[in-house]
Amino acid sequence: QVQLQESGGGLVQAGGSLRLSCTNSRHILSNYPMGWFRRAPGKEREFVAAINWSGDSTNYADSVKGRFTISRDNAENMVYLRMNELKPEDTAVYYCAARRMGGSYEWWGQGTQVTVST
Numbered sequence: 874q875v876q877l878q879e880s881g882g883g884l885v886q887a888g889g890s891l892r893l894s895c896t897n898s899r900h901i902l903s904n905y906p907m908g909w910f911r912r913a914p915g916k917e918r919e920f921v922a923a924i925n926w927s928g929d930s931t932n933y934a935d936s937v938k939g940r941f942t943i944s945r946d947n948a949e950n951m952v953y954l955r956m957n958e959l960k961p962e963d964t965a966v967y968y969c970a971a972r973r974m975g976g977s978y979e980w981w982g983q984g985t986q987v988t989v990s991t
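Count along the sequence shown starting at 1, add 873, and that's the number in this note's numbering.
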């Protein structure tokens, strides 16, 4: 069973930065496309960013474009989300997820809380 694990969340002031990390228990990250999602209080889970298996193709939600950067290190079995210029509306639980080529996201982490204060 694949288990994804996020880390790096916390409390930060508006305008600050955080870097989230995601790893997994079976070293599948180097083979699969990965994504970051978030769920804010009282809202549905939403897409944040995605990266292909090799790391040379990424895409972002409009709300984070230019502020967040997704990257991966397949040798270290890690996927990252660098978040700059954080805003209070970025407050959410952030999840990493993995999917097979051509499939839907089927493996999810437990989430890490990001809170941005004014």
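Backbone N, C-alpha and C define an ideal beta-carbon position, used for all residues, glycine too.
Since the structure is predicted, the reported quantities are computational estimates derived from the model, not experimental observations.
Restricted to the segment 880–949, the beta strand (DSSP E) segments that are unbroken, complete and at least 3 residues in length are 883–886, 891–897, 907–912, 918–924, 931–933 and 941–946, listed in chain order. In the same chain as Arg-955, and ignoring 5 residues on each side of it, the C-beta atoms closer than 6 Å to its own belong to Arg-892 and Thr-942, in chain order. Contact between the segment 904–922 and the segment 957–968 is established, with three or more Cβ pairs separated by less than 8 Å.
By the CB criterion at 7 Å, Thr-896 and Asn-957 fall outside the cutoff.
Inter-residue distance for Gly-889 and Leu-959 is about 5 Å (C-alpha atoms, whole angstroms). Distances from the alpha-carbon of Tyr-905 to those of Val-885, Ser-977 and Val-989 put Ser-977 closest.
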